[in-house]
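Take 173 as the starting number for the sequence shown in our numbering and just add one per residue. Quick reminder that beta carbons are idealized off the backbone N, C-alpha and C, glycines included. Everything below concerns the one structure shown next.
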Amino acid sequence: MIDRCAFGPKPLLTVDEALARIRSAIDPIQETETVPLTAALGRILARPVYAAVNVPGDNNAAMDGYAFASREVASGHEVALRCVGTSWAGRPFQGLLAAGECVRIFTGAVVPKQADSVLMQEQARVDGPLVHFPAQVKAKQNVRMAGEDVRQGGLVCAYPKTLTPIGLSLLAAAGIAEVPVLRPIKIAFFSTGDELVALGQTLATGQIYDSNRYLLMGLLADNAYTVIDGGVIADDKDGLEAKLVEASRYCDAIITTGGASVGEADYIREILQRCGQVDFWKIAMKPGKPLAFGKIGAGYFFGLPGNPGAVFATFQHLVVPALRQLAGLSAKQPLRVRATCTSALKKAPGRQEFQAGILSQDAAGEFFVGSAGQQGSHLLATLHKANCHIVLPSECQGVQLGEQVIVEPFSVFI
Ligand code: AMP
Ligand code: MG
């Protein structure tokens, strides 16, 4: 079996080479703005943030029980201490703790200055005002120390970092009400093709519904992006050029699907050459060989293939790293796992392939992957069944049942 697409006068760029070209071409945006925490989810932190307060602010109880000084129980015998008050969460005990005394305390309440330990209530025997501590009581237990989580003035959150729910709660705990973030990058996306029809209209022979825009709309749903749906553009050179040049005036990135190949109605490369610069336009990957990357004005341009499977593969493996970098994030490797292949896979050498697979895990945590069905860049239903790409290196000539393969899950859940 020969992969005819892999050969030509010039060897195609590998996916890694294309990625390296993208990485060296893209200058991250610099502009920042300040937003309240309530609007910061998914935004990218632009500067390091330091804690306004200690977390926790005071030594406090990790359990409901009795606060006491460890010297009171140093004897190794059962000890009885007099309970002289209560420390509630948010309402500390106001008095002083004298020798022979303890305080009733609840989780999160301040441990009085003279105490350093908490006995959990299940271990205490209460007899009127006296609390009996068992002989083996451990000192300095069940107390969370002031500043143990975050130190006042210390680094809470390094940058650049996407703010997650955990990040927001950490910042809130540290008393940070608003954060400096990078402005969202502006991305316009278009479908191109004379055959494309919007939903709601009846299809004439040869027409298809424009599905790619729904794919991109979902893939671009991210609070670090401001997304503009540019609709469908017909296969008309002047019309295409006018739309793309216009988009480049107000966008940081422009994504098109379709028209990137070598057919007679495929104008993307020519237009990019005419009104911008082409960095590369073909890569040795399957699906997704035609992928034009370059610049129009100040906007980065990604001309993706038309077939949905190729849109998805090129978006995941090349556009996502590019957009992340443009938005100000540092490079990260996608999660890849090794799995035992439960199907035989066909593959011709020449291009790196991303086959649609179904990844599963047995009770012992071992990974298995099988083909999601007939592979074809036009087959959306196969892709919809899949939850991962099986990543086959360029030189691979097929996979036998039971062989180990590398798999890239579409999400962290399988
Ligand atoms: P092209 O690269 O324009 O030759 O398109 C390759 C294939 O993808 C053709 O079968 C197109 O009809 C199909 N295609 C292009 N754009 C879309 C789209 N927006 N939605 C669904 N299929 C598309
Ligand atoms: Mg087309």
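Open item on the list: Considering just the uninterrupted stretch of the alpha helix (DSSP H) at P337, what are its terminal residues?
Closed with: Counted as a single uninterrupted DSSP element, the alpha helix (DSSP H) harbouring P337 occupies residues 337-345.
- [ ] Apply the 10 Å Cβ neighbour rule to S363 and answer buried if 16 or more other Cβ atoms are within range, or exposed otherwise.
- [x] buried
- [ ] Consult DSSP for H561 and reduce its assignment to one of helix, strand or coil.
- [x] If DSSP states are grouped into helix, strand and coil, H561 belongs with the strands.
Open item on the list: On the CB-based measure, 16 or more other CB atoms within 10 Å of its CB, does A307 come out buried or exposed?
Closed with: exposed
Open item on the list: Tell me whether T364, by its Cβ, gets closer than 8 Å to a heavy atom of the ligand AMP.
Closed with: For T364, the distance from the CB to the nearest heavy atom of the ligand AMP is below 8 Å.
- [ ] Would you tell me roughly how many angstroms separate the C-alpha atoms of F539 and V225, rounded to the nearest one?
- [x] 44 Å
- [ ] Look at the Cβ atom of F305, then the Cβ atom of A318, and state whether they are nearer than 9 Å.
- [x] no
Open item on the list: So within the segment 178-234, which uninterrupted beta strand (DSSP E) runs reach at least 3 residues, ignoring any that extend past its ends?
Closed with: 204-208
Open item on the list: I'd like the list of long-range same chain contacts for Q324, defined as Cβ closer than 6 Å, with 5 residues on each side in sequence excluded.
Closed with: A223, V225, N226
Task: Residue of K461, A419, G500, G262 minimising C-alpha distance to I468 - done: Measuring from the Cα of I468, the nearest candidate turns out to be A419.
TODO: Give the DSSP-derived three-state secondary structure of Q449 in the structure shown.
DONE: strand
Task: M389: first and last residue of the uninterrupted alpha helix (DSSP H) it sits in - done: Counting along the chain, the alpha helix (DSSP H) containing M389 begins and ends at 384-391.
- [ ] Would you mind stating whether V221 and Y381 have Cβ atoms separated by less than 9 Å?
- [x] No, Cβ-Cβ distance for V221 and Y381 is not below 9 Å.
Task: G267 to I277 span [Cα, whole Å] - done: 13 Å
Task: Complete alpha helix (DSSP H) runs within the segment 348-429 (minimum length 4 residues, chain order) - done: 384-391, 409-422
- [ ] Go ahead and label Q569 buried or exposed: buried means 16 or more other beta carbons lie within 10 angstroms of its beta carbon, across all protein chains shown.
- [x] exposed
TODO: Determine the extent of the alpha helix (DSSP H) in which V166 is found, giving its start and end residues.
DONE: Here the chain comprises residues numbered 173 to 586, so residue 166 is not present and cannot be evaluated.
Open item on the list: I'd like to know whether the C-beta atoms of L490 and L217 end up nearer to each other than 9 Å.
Closed with: no
Task: Residue burial classification, A499 (beta-carbon count within 10 angstroms, cutoff 16) - done: buried
Open item on the list: Nearest by alpha-carbon distance to C329: which of V315, N314, V351, K310 is it?
Closed with: V351
Task: Coil, strand or helix - R496 by DSSP - done: Here R496 sits in helix by DSSP.
- [ ] Kindly provide the ranges of any beta strand (DSSP E) runs that are 3 or more residues long and lie completely inside the segment 506-566, ordered along the chain.
- [x] With a minimum length of 3 residues, the continuous beta strand (DSSP E) runs that stay inside the segment 506-566 are 509-513, 524-533, 539-543, 560-564.
Task: Backbone CA spacing between V434 and L463 [nearest angstrom] - done: 11 Å
Task: Check: T429 C-beta below 8 Å from any heavy atom of the ligand AMP - done: In terms of side-chain proximity, the C-beta atom of T429 is found nearer than 8 Å to a non-hydrogen atom of the ligand AMP.
Open item on the list: Per the DSSP calculation, V282 is bridged to which residue(s)?
Closed with: N232
Task: Residue nearest to A270 in terms of C-alpha spacing, selected from K415, I338, S242, D299 - done: S242
Task: Cβ pair count under 8 Å reaching 3, the segment 531-538 against the segment 186-201 - done: no
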